[in-house]
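Heads up: the sequence lines are chains A and B, in that order. Residues 1 to 95 (my numbering) are what the first sequence spells out, left to right. Residues 101 to 195 (my numbering) are what the second sequence spells out, left to right. No residue lacks a Cβ here, since even glycine has one placed at the ideal position from N, Cα and C.
Number of protein chains: 2
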Amino acid sequence: MEITFKAINDPTRREILVFLIGGAQNAGEIAKQFSMSKPSISHHLDLLKQGNLILAEKKGQYIIYSLNRSGFELVHSWFQGFAQYFEFPKPKIRL
Amino acid sequence: MEITFKAINDPTRREILVFLIGGAQNAGEIAKQFSMSKPSISHHLDLLKQGNLILAEKKGQYIIYSLNRSGFELVHSWFQGFAQYFEFPKPKIRL
DNA sequence: TAAATATTTAAACGAATGTCTAAATATTTA
DNA sequence: TAAATATTTAGACATTCGTTTAAATATTTA
């Protein structure tokens with residue numbers, strides 16, 4: 001969980017995730033979207049992969065990245081507890 | 101948005117949020133939950149407040165912290181795009 | 001096989017982060 | 001008013017993070 005939240009923390013990585021909603025892409029195409037070196041993007045992709053937010057599949061000399069349901073499910077379920085709180089707020093403590 | 105994700109990134113801060121599901125608490129009671137100095141917790145509370153994830157209300161010499169719907173709504177709406185991509189089941193409660 | 005292409009790994013470095021102790025501020029109580 | 005309590009602010013410091021350039025690995029093409 002720690003690594004998944006960490007992966008989501010960076011703005012560039014969040015942009016990569018949003019970009020991938022449009023469909024799977026190879027590393028080079030992803031890197032083109034950003035004014036940043038390819039090694040930096042490669043590093044961000046690695047962290048997103050560690051957080052189970054994307055999948056990597058090697059296709060020849062390319063590596064195709066796509067969104068991974070698993071990481072999003074983790075975060076989604078963490079938020080469910082709060083969704084319930086806001087629907088049924090508990091009384092404040094007595095002072 | 102940046103500051104909200106940043107606030108959620110730290111494990112101690114996430115624990116504070118989960119703790120507050122149980123109801124509003126003053127800073128001292130929150131600090132008791134952790135083996136960490138009060139100034140550190142105070143700092144974490146400040147970041148959570150900046151991220152609109154908690155509210156602070158002064159009551160005498162105490163400061164009462166409670167969950168703030170606003171920050172959670174922000175993150176939740178960001179996730180909606182992915183929920184649609186993955187076709188997550190819709191939650192019973194909408195944030 | 002050699003060159004070109006795609007991507008990652010390694011090393012370095014400044015900036016940001018989380019923690020601590022000490023001091024400051026605000027409020028309540030004796 | 002002085003002391004006690006609650007909390008924050010300030011300053012310091014080690015660790016983590018994001019970025020870069022240079023080098024390495026893997027694959028395809030000429």
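Output the distance between the C-alpha atoms of residue i and residue j, rounded to the nearest integer angstrom.
i, j, result
"V175(B)", "M101(B)", "8 angstroms"
"I16(A)", "L67(A)", "10 angstroms"
"A83(A)", "Q61(A)", "44 angstroms"
"G122(B)", "T104(B)", "21 angstroms"
"D46(A)", "F72(A)", "16 angstroms"
"P39(A)", "S135(B)", "39 angstroms"
"I30(A)", "S137(B)", "43 angstroms"
"A7(A)", "G51(A)", "6 angstroms"
"E57(A)", "G28(A)", "14 angstroms"
"F79(A)", "Q33(A)", "30 angstroms"
Closer than 7 angstroms: is that where the CB of residue i sits relative to any heavy atom of the ligand HEM?
i, result
"A127(B)", "This structure simply doesn't include the ligand HEM, nor any ligand for that matter."
Of all the options the options, which has the alpha carbon lying nearest to the alpha carbon of residue i?
i, options, result
"N126(B)", "S142(B), Q180(B), A183(B)", "S142(B)"
"E87(A)", "A124(B), D110(B), S135(B), R169(B)", "R169(B)"
"A124(B)", "S177(B), I163(B), P111(B)", "I163(B)"
"H44(A)", "K59(A), Y85(A), Y65(A), E57(A)", "Y65(A)"
"K149(B)", "Y185(B), L120(B), Q180(B), F179(B)", "L120(B)"
Just list the residues that DSSP pairs residue i with in beta bridges.
i, result
"Q125(B)", "Y165(B)"
Is DSSP giving residue i helix, strand or coil here?
i, result
"F110(B)", "With the sequence shown as reference, residue 110(B) is identified as Asp, and Phe is not the correct amino acid for it. Reduced to three states, the DSSP call for D110(B) is coil."
"S135(B)", "coil"
Subject >> Contiguous beta strand (DSSP E) assignments of at least 3 residues, all confined to the stretch 50 to 86 of chain A >> reply: The stretch 50 to 86 of chain A contains these whole beta strand (DSSP E) runs: 54 to 59, 62 to 67.
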